[in-house]
Amino acid sequence: MQAVRFIKQAARPAAKVLRPVAVSRAFSSSAATFTRSPVLEFSEEEELFKETVAKFAQEVVLPKSRAMDEAEQMDPEVVQGLFDTGLMGIETPEEYGGAGASFTSAIIAVEELAKVDASTAVLNDVHSTLVNTLVRTYGSDAIKEKYLPKLATKCVGSFCLSESSSGSDAFALKTRAEDKGDHWLINGSKMWITNAGEAEVFLIFANVDPSKGYKGITCFIADKDMGVQIAKKEKKLGIRASSTCVLSFDDLQIPKENVLGEVGTGYKIAINCLNEGRIGIASQMIGIAQGAFDRATDYAFKDRKQFGKYIGEFQGMQFQIAQAAIQIEAARLMVYNTARMKEAGQPFVTQAAMCKYYASEVANQVAGKAVEWMGGVGFTREEPLEKFMRDAKIGQIYEGTSNIQLQTIAKDIMKSKS
Amino acid sequence: MSSKLRIMVPVKRAIDFAVKPRVNSAKTGVETAGVKFSINPFDDIAVEEAVKIKEAKKGAVESIHVVSAGSSKAQEVLRQSLAKGCDTSTLIDVGDASVEPLTVAKMLAKLAEEDKSNLIILGKQAIDDDSNHTGQMLAGLLNWPQVTAASKVDINESTGEVTVEHEVDGGFETVSASLPMIITTDLRLNTPRYATLPNIMKAKKKPLKTVKPADLGVDIAGRLETVSVSEPPPRPAGIKVNSVDELIAKLKERGAL
Ligand SMILES: Cc1cc2nc3c(=O)[nH]c(=O)nc-3n(C[C@H](O)[C@H](O)[C@H](O)COP(=O)(O)OP(=O)(O)OC[C@H]3O[C@@H](n4cnc5c(N)ncnc54)[C@H](O)[C@@H]3O)c2cc1C
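These protein sequence lines are chains A and B, in that order. As numbered in the working numbering, residues -14 to 403 make up the first sequence, in order. As numbered in the working numbering, residues 257 to 513 make up the second sequence, in order.
Here it is, written out as structure tokens:
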């Protein structure tokens, strides 16, 4: 299997191997010297960017993280900082005010932010991997010109698919869009919409013709001031600073041209970008796992002594720590490999489901263990461990529950047997 | 001032400040395998100062040229500096050789002449070898005025007068000189920014030139020989005492009182 893949890749012309850095490092003079580079090898600019995000997370986000969790509210300075650092337009082309960077860069940003604060990470993730990606991929030139620059520099975006009666079964949605000649009229409501509290741009999935079933679903782009209303802000177990809201649309008028892609292709658009989005959520989960691991292992090896020794010196602790390290490494390899597959234009749907499933399991296990490793202190809100543990839970629910990921993976296996 | 500012900022890729350095098994230096490297923090401050001057004195700065002597890996710190606002960069590729401050200063002097630099801002020392030599030697070679360990820099771009505050024993000293000059930076001078993502991407398009020491007419062979590198001796464990009386008794026992 490995060998076959190797030959296939090596036989391709260099230009088709879509890992720019790996290419320049790997092909020195001829294909004969081709060597594979490790999955976790980043390009020079990705490395620099990772450092920038890590620094931003430590200096700007970390000091506010606990207070944001307690207040169940993002701090505007953190959101502004995300814009100023260029984290809200990572893949947006330069001509639209973004950085024109790689998909992997977007994934790196989410991981680095989640090491410190999972709410900030999801705000960035939804904005980058769902909202920006949809506008960039499916927007007309006029829509791209109008929305991409402001999404990159000042306006947070929301992705509005789920409804109270349609979560896993997302395409049973009931929100209606009526063609009124010169505009669309939207009526209905949405549930659990991330970033809705901060957002000024909303991507809304609504059905233009329920008789066509899911083939009537269409993706609209709306500005908040067109009349998007927040009906309620949820109080949650984790990622409490991230706003999660119920939205209602009451004769919401949207200009005729504010459709992403074709009318009736909304379900395809949603599936495609959620597949990418899952890699982002998986990255959030490895960030959480790593953040919890780093703090708890500092505590075990440098801070806490019992029975006259650092608690990390006990083999019972060491083996648990080693196992957690393996889990994080495995999850990270899956996440970045899937990101590179996506960049290379290879099919990655199953891998995306696998990495989201696995990374969210790992985050929950590691964050849970890390609380234990810190004992009583880990359980208190003096330390970030209990927060990592609460924040990890959402990974098994949003952008497709763990069962839905398993279903996607199993379907793919079944297909290969039929 | 007749001509515009042409600032040169020499930077070094050094072991990251957060890494605890360890002596290698051959006892010839510090272990570098698997260790994180970053731009020397004082040099990062130098980059920041140059960029701040460019931003504050609109039009007065013609270019900021960032230079590093090191292996090809030093390109990282050059790119990072370009992403923060430097305009051009040069890697003096010395391979894996460790070059002495005088050698570096000679190469920088040559580049400064070629580039017609009139202000050189660099870190007061690199945190790996803590030599604190390069800036001073460079000033000697170029015969320019210098201020070391600057904590505040004020440039009058019309007269070419530069006023610098720096820390001395027991306080601050303010000195002034005319361009061209050398300034070495201290921690207090500024807080470096981080490179934003759009600027990281734009830095890819900025010039990065590579030269060899021979191109600058400099022989990089060392003049010093490292005989041996060793860890500081471990501190012996202390003891706990239960009372002031016991403390005094112990101190007396050791002849400390
Ligand atoms: C904090 C938060 C943020 C969110 N952000 C957004 C957002 O920004 N935009 C958006 O559109 N949505 C968002 N959601 C919605 C989220 O995607 C849904 O909650 C999720 O898809 C699950 O849907 P549900 O809650 O209706 O659960 P249900 O679909 O009712 O599932 C309940 C349980 O049944 C299981 N189940 C359902 N169907 C099957 C099946 N066929 N086989 C086996 N098991 C099944 C599920 O796995 C789950 O365990 C968010 C949710 C939360 C909690």
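Glycine residues also receive a C-beta, built at the ideal position from the N, C-alpha and C atoms. Computed from a prediction, not measured in an experiment: that's the story for all the values here.
Beta-carbon separation (whole angstroms), phenylalanine 144 of chain A vs leucine 115 of chain A, contact threshold 8 Å: By 1-based counting over the first sequence, the position of residue 144 of chain A is 159. By 1-based counting over the first sequence, the position of residue 115 of chain A is 130. About 4 Å; that satisfies the 8 Å criterion.
Environment of leucine 245 of chain A [buried if 16+ CB atoms lie within 10 Å]: As a working mapping, residue 245 of chain A is identified with position 260 in the first sequence. By the neighbour-count definition (other C-beta atoms within 10 Å, threshold 16), leucine 245 of chain A is a buried residue.
Member of A:Ser387, A:Phe304, A:Glu183 whose CA lies at the smallest distance from the CA of tyrosine 343 of chain A: One-based indexing of the first sequence puts residue 343 of chain A at position 358. Comparing Cα-Cα distances from tyrosine 343 of chain A to each of A:Ser387, A:Phe304, A:Glu183, the minimum goes to A:Ser387.
Residue-level contact to chain A via CB, leucine 435 of chain B, 8 Å cutoff: Within the second sequence, the letter at position 179 stands for residue 435 of chain B. No - not a single Cβ of chain A is within 8 Å of the one on leucine 435 of chain B.
Tyrosine 199 of chain A: CB within 7 Å of a non-hydrogen atom of ligand 2: The model on display carries ligand 1 but not ligand 2.
Check whether alanine 302 of chain B and valine 265 of chain B have beta carbons under 8 Å apart: Stepping through the second sequence from its first residue, residue 302 of chain B is reached at position 46. Stepping through the second sequence from its first residue, residue 265 of chain B is reached at position 9. When the beta-carbon positions are compared, alanine 302 of chain B and valine 265 of chain B come within less than 8 Å of each other.
Cβ of glutamine 336 of chain B within 8 Å of any chain A Cβ: Residue 336 of chain B sits at position 80 when you count from the first residue of the second sequence. Answer yes: the Cβ-Cβ gap between glutamine 336 of chain B and chain A drops below 8 Å somewhere.
Residue from A:Val362, A:Met339, A:Leu370 with nearest C-alpha to isoleucine 398 of chain A: Taking the first residue of the first sequence as 1, we reach residue 398 of chain A at position 413. Just measuring C-alpha positions, the residue of A:Val362, A:Met339, A:Leu370 sitting nearest isoleucine 398 of chain A is A:Met339.
Helix, strand or coil at phenylalanine 68 of chain A according to DSSP, with G and I counted as helix: One-based indexing of the first sequence puts residue 68 of chain A at position 83. In this structure, phenylalanine 68 of chain A counts as helix in the three-state DSSP scheme.
Heavy atom of ligand 1 within 7 Å of serine 153 of chain A beta-carbon: Sequence index remark: in the first sequence, residue 153 of chain A carries index 168 (1-based). Yes, since a heavy atom of ligand 1 falls inside the 7 Å radius drawn around the Cβ of serine 153 of chain A.
Contact set between glycine 83 of chain A and chain B, taken where Cβ atoms lie within less than 8 Å: Working through the first sequence from its first residue, we reach residue 83 of chain A at position 98. Chain B residues near glycine 83 of chain A: Pro454.
Proximal residues to serine 147 of chain A (C-beta, below 7 Å), its chain only, five neighbours per side dropped: On the first sequence, position 162 is the one that residue 147 of chain A refers to. Scanning its chain for C-beta atoms nearer than 7 Å, with the 5 sequence neighbours on each side dropped, one finds around serine 147 of chain A the residues Ala155, Lys175, Met176, Trp177, in chain order.
Given lysine 356 of chain B as reference, the closest of B:Glu487, B:Pro492, B:Val474, B:Val291 once Cα atoms are compared: Start at 1 with the first residue of the second sequence, and residue 356 of chain B comes out as number 100. In the sequence as displayed, the identity of residue 356 of chain B is glutamate instead of lysine. By alpha-carbon distance to glutamate 356 of chain B, the top candidate from B:Glu487, B:Pro492, B:Val474, B:Val291 is B:Val474.
Contact test: glutamine 111 of chain A Cβ vs ligand 1 heavy atom, cutoff 7 Å: Numbered from its first residue, the first sequence carries residue 111 of chain A at position 126. Correcting the residue type first, residue 111 of chain A is valine in the shown sequence and not glutamine. Checking the 7 Å criterion, the Cβ of valine 111 of chain A is within range of a heavy atom belonging to ligand 1.
Length of the line joining the Cα atoms of threonine 359 of chain B and phenylalanine 34 of chain A: Taking the second sequence and counting its residues from 1, one reaches residue 359 of chain B at position 103. Taking the first sequence and counting its residues from 1, one reaches residue 34 of chain A at position 49. Using only the alpha carbons, I get a separation of about 33 Å.
Segment contact flag, the region 292 to 300 of chain B with the region 319 to 338 of chain B, C-beta cutoff 8 Å, min 3 pairs: Verdict: yes, contact present.
Neighbour flag for glutamate 332 of chain B against chain A, beta carbons, 8 Å: Along the second sequence, read from residue 1 onward, the residue named residue 332 of chain B stands at position 76. At least one chain A Cβ lies under 8 Å of glutamate 332 of chain B.
8 Å Cβ cutoff met for alanine 285 of chain A and isoleucine 306 of chain A: Working through the first sequence from its first residue, we reach residue 285 of chain A at position 300. Working through the first sequence from its first residue, we reach residue 306 of chain A at position 321. Less than 8 Å divides the Cβ of alanine 285 of chain A from the Cβ of isoleucine 306 of chain A.
Below-8 Å beta-carbon distance, leucine 98 of chain A vs any chain B residue: As a working mapping, residue 98 of chain A is identified with position 113 in the first sequence. Leucine 98 of chain A does not count as touching chain B.
Where glutamine 238 of chain A falls: helix, strand or coil (DSSP): Numbered from its first residue, the first sequence carries residue 238 of chain A at position 253. Assignment of glutamine 238 of chain A by DSSP, reduced to helix, strand and coil, places it in the strand class.
Buried or exposed by the 16-neighbour rule on C-beta atoms within 10 Å, applied to asparagine 117 of chain A: Position 132 of the first sequence, counted from the start, is the residue given in the question as residue 117 of chain A. Label assigned to asparagine 117 of chain A: buried.
Run of the beta strand (DSSP E) containing aspartate 208 of chain A, from where it starts to where it stops: As a first step, residue 208 of chain A is located in the first sequence; it is residue number 223 there, counting from the start. Element bounds for aspartate 208 of chain A: 202 to 208.
Stretch pair the region 485 to 501 of chain B + the region 64 to 84 of chain A: three plus CB contacts closer than 8 Å: They do not touch, by the three-pair rule.
Beta-carbon separation (whole angstroms), valine 186 of chain A vs glycine 142 of chain A, contact threshold 8 Å: By one-based count along the first sequence, residue 186 of chain A stands at place 201. By one-based count along the first sequence, residue 142 of chain A stands at place 157. A Cβ-Cβ separation of about 4 Å places valine 186 of chain A in contact with glycine 142 of chain A under the 8 Å criterion.
Min CB distance phenylalanine 41 of chain A to chain B below 8 Å: Against the first sequence, residue 41 of chain A aligns to sequence position 56. True, the Cβ-Cβ gap to chain B drops below 8 Å.
N-terminal and C-terminal residue of the alpha helix (DSSP H) that glutamate 304 of chain B is part of: Start at 1 with the first residue of the second sequence, and residue 304 of chain B comes out as number 48. It spans 297 to 312 - the alpha helix (DSSP H) in which glutamate 304 of chain B sits, taken as one unbroken run.
Residues that isoleucine 75 of chain A contacts on chain B, provided the C-beta gap is smaller than 9 Å: Here residue 75 of chain A corresponds to residue number 90 of the first sequence, with the count starting at 1. Under a criterion of Cβ atoms nearer than 9 Å, the residues of chain B adjacent to isoleucine 75 of chain A are, in order, Leu453.
8 Å contact criterion, which alanine 216 of chain A and valine 231 of chain A should meet: CB distance rounded: Mapped onto the first sequence, residue 216 of chain A falls at position 231. Mapped onto the first sequence, residue 231 of chain A falls at position 246. About 4 Å separates the two Cβ atoms, so the contact holds.
Beta-carbon spacing of glycine 396 of chain B, threonine 440 of chain B below 8 Å: Here residue 396 of chain B refers to the residue found at position 140 of the second sequence. Here residue 440 of chain B refers to the residue found at position 184 of the second sequence. For glycine 396 of chain B and threonine 440 of chain B, no; Cβs fall outside 8 Å.
Cross-strand partners of cysteine 342 of chain B (DSSP beta bridge): Here residue 342 of chain B corresponds to residue number 86 of the second sequence, with the count starting at 1. Looking at the DSSP assignment, cysteine 342 of chain B forms no beta bridge with any residue, so it has no partner.
The region 232 to 251 of chain A contacting the region 151 to 171 of chain A, beta-carbon criterion three pairs below 8 Å: With a cut-off of 8 Å, the region 151 to 171 of chain A and the region 232 to 251 of chain A count as touching, because enough Cβ pairs lie within range.
Nearest to alanine 433 of chain B (by Cα), restricted to the options B:Leu443, B:Arg444, B:Glu421: Here residue 433 of chain B is taken as the residue at index 177 of the second sequence, counted from 1. The residue with the shortest Cα to Cα distance from alanine 433 of chain B is B:Glu421.
Interface flag, alanine 348 of chain A vs chain B, CB-CB below 8 Å: Here residue 348 of chain A refers to the residue found at position 363 of the first sequence. In terms of beta-carbon proximity, alanine 348 of chain A stays away from the interface with chain B, with every pair separated by 8 Å or more.
Neighbour flag for glycine 166 of chain A against chain B, beta carbons, 8 Å: Counting from 1 along the first sequence, the entry for residue 166 of chain A is found at position 181. By this cut-off, glycine 166 of chain A is not an interface position.
Contact test: lysine 139 of chain A Cβ vs ligand 1 heavy atom, cutoff 7 Å: Translated into the one-based positions of the first sequence, residue 139 of chain A becomes position 154. No, ligand 1 has no heavy atom inside 7 Å of this Cβ.
For isoleucine 495 of chain B, the three-state DSSP class (helix, strand or coil): The residue labelled residue 495 of chain B in the question sits at position 239 within the second sequence. Note: isoleucine 495 of chain B maps to coil in three-state DSSP.
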